[in-house]
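The block underneath contains the structure these notes are about, expressed in structure tokens.
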Amino acid sequence: MEILMAAANCPVYPTPMAYEMAKVLLVDDDPASRLTLQTVLRAGGYGVDTAASAAEAIAKMDVTEYSLILSDLHMESFESGLRVVAHARGLDYRPATAILSTWQPEQYETAKMAGTMLIEPENIPELLGQVAGMISDRAARRLSRSMRARN
Numbered sequence: 013m014e015i016l017m018a019a020a021n022c023p024v025y026p027t028p029m030a031y032e033m034a035k036v037l038l039v040d041d042d043p044a045s046r047l048t049l050q051t052v053l054r055a056g057g058y059g060v061d062t063a064a065s066a067a068e069a070i071a072k073m074d075v076t077e078y079s080l081i082l083s084d085l086h087m088e089s090f091e092s093g094l095r096v097v098a099h100a101r102g103l104d105y106r107p108a109t110a111i112l113s114t115w116q117p118e119q120y121e122t123a124k125m126a127g128t129m130l131i132e133p134e135n136i137p138e139l140l141g142q143v144a145g146m147i148s149d150r151a152a153r154r155l156s157r158s159m160r161a162r163n
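Per the working numbering, residue 13 is the first one in the sequence shown, and the count goes up by one each step.
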């Protein structure tokens with residue numbers, strides 16, 4: 013009984029699972045790529061929702077708040093990935109955005125013009141590092157805006 017009473021008076025610290033996982037929306041029309049990246053991101057500690065098209069992604073973004081939107085550039089049309097990024101940029105919660113693609117110079121220019129990052133998913137540690145960096149940068153910007161709004 014004494015042990016239970018002592019335990020009841022000890023402070024409770026959150027376990028890692030008590031922290032909210034950053035939520036990522038992964039958009040890719042290729043089922044194999046989608047499943048592979050979903051598995052990698054979940055293993056990296058992220059909550060992951062998936063969409064197979066721009067329309068499905070837009071519908072999900074409108075009802076769920078994501079920390080990051082990762083979209084394939086070419087899906088049902090050349091502009092599909094850019095439509096996903098443009099929609100994400102217009103949301104009140106402003107998630108970080110990135111285009112998934114294999115390295116091709118014209119895709120880098122397309123991503124740059126859209127104001128988003130181009131990620132090559134072949135290097136898993138680099139991919140997870142880029143995802144963590146984008147999510148933390150976006151969180152820092154939100155915190156900074158929130159603090160400025162209070163002053």
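Positions of the beta carbon are idealized from the N, C-alpha and C atoms, including for glycine.
As the structure is a prediction and not an experimental result, all values here were calculated from the model.
Euclidean distance between Cα positions of S65 and G56: Position 53 of the sequence shown, counted from the first residue, corresponds to residue 65. Position 44 of the sequence shown, counted from the first residue, corresponds to residue 56. For S65 and G56, the distance between alpha carbons rounds to 24 angstroms.
Whether or not the region 69-76 and the region 43-51 are in contact is what I'm after, with contact meaning three or more pairs of Cβ atoms, one per stretch, closer than 8 angstroms; do they touch? no
Would you mind sorting G141 into buried or exposed? The rule is 16 or more other CB atoms within 10 Å of its CB. In the sequence shown, residue 141 corresponds to position 129, counting from 1. The residue is exposed, with fewer than 16 neighbouring Cβ atoms inside 10 Å.
Does D84 pass the burial test, meaning 16 or more other C-beta atoms within 10 Å, or should it be called exposed? Working through the sequence shown from its first residue, we reach residue 84 at position 72. That one is buried.
Whole-angstrom distance between L82 and R154, CA atom to CA atom: On the sequence shown, position 142 is the one that residue 154 refers to. On the sequence shown, position 70 is the one that residue 82 refers to. Taking the straight line from one Cα to the other gives about 19 angstroms.
Take M146 and list the residues in its own chain whose beta-carbon comes closer than 7 angstroms to its own, dropping the five residues that flank it on each side. As a working mapping, residue 146 is identified with position 134 in the sequence shown. Excluding sequence neighbours, M146 sits near L80, A108, A110 and M129.
Find out if the Cβ-Cβ distance for the pair V36, L49 is shorter than 7 angstroms. Counting from 1 along the sequence shown, the entry for residue 36 is found at position 24. Counting from 1 along the sequence shown, the entry for residue 49 is found at position 37. Result no, Cβ atoms of V36 and L49 do not sit closer than 7 angstroms.
Rounded to the nearest angstrom, how far is the Cβ of A100 from that of G59, given a contact under 8 angstroms? Indexing the sequence shown from 1 puts residue 100 at position 88. Indexing the sequence shown from 1 puts residue 59 at position 47. The pair is not a contact, with the Cβ atoms about 17 angstroms apart (cut-off 8 angstroms).
What is the DSSP secondary structure of S156, reduced to helix, strand or coil? Counted from its first residue, the sequence shown places residue 156 at position 144. Correct three-state label for S156: helix.
So, helix, strand or coil for A34, using DSSP? Taking the first residue of the sequence shown as 1, we reach residue 34 at position 22. DSSP places A34 in coil when its eight states are reduced to three.
Which residue wins for smallest C-alpha separation from R67, given the options S89, L47, T51 and Y78? Stepping through the sequence shown from its first residue, residue 67 is reached at position 55. The question names Arg, but residue 67 is Ala in the sequence shown. Comparing Cα-Cα distances from A67 to each of S89, L47, T51 and Y78, the minimum goes to S89.
Quick check: V39 and V96, are their CB atoms within less than 7 angstroms of each other? Residue numbering aside, residue 39 sits at position 27 when the sequence shown is read from its first letter. Residue numbering aside, residue 96 sits at position 84 when the sequence shown is read from its first letter. Yes, the Cβ-Cβ distance between V39 and V96 is below 7 angstroms.
Which residues does DSSP list as the beta-bridge partners of V60? For the purposes of this step, residue 60 is taken as the residue at position 48 of the sequence shown. According to DSSP, V60 bridges with V36.
Backbone CA spacing between V143 and R162 [nearest angstrom]: Your numbering for residue 143 matches position 131 in the sequence shown. Your numbering for residue 162 matches position 150 in the sequence shown. If I take the Cα positions, the gap works out to 29 angstroms.
My output table needs one value for L140: the three-state DSSP class, helix, strand or coil. Position 128 of the sequence shown, counting from 1, holds the residue named residue 140. Note: L140 maps to helix in three-state DSSP.
Start-to-end residues for the alpha helix (DSSP H) that takes in L49: Sequence index remark: in the sequence shown, residue 49 carries index 37 (1-based). From DSSP, the alpha helix (DSSP H) with L49 extends over P43 to A55.
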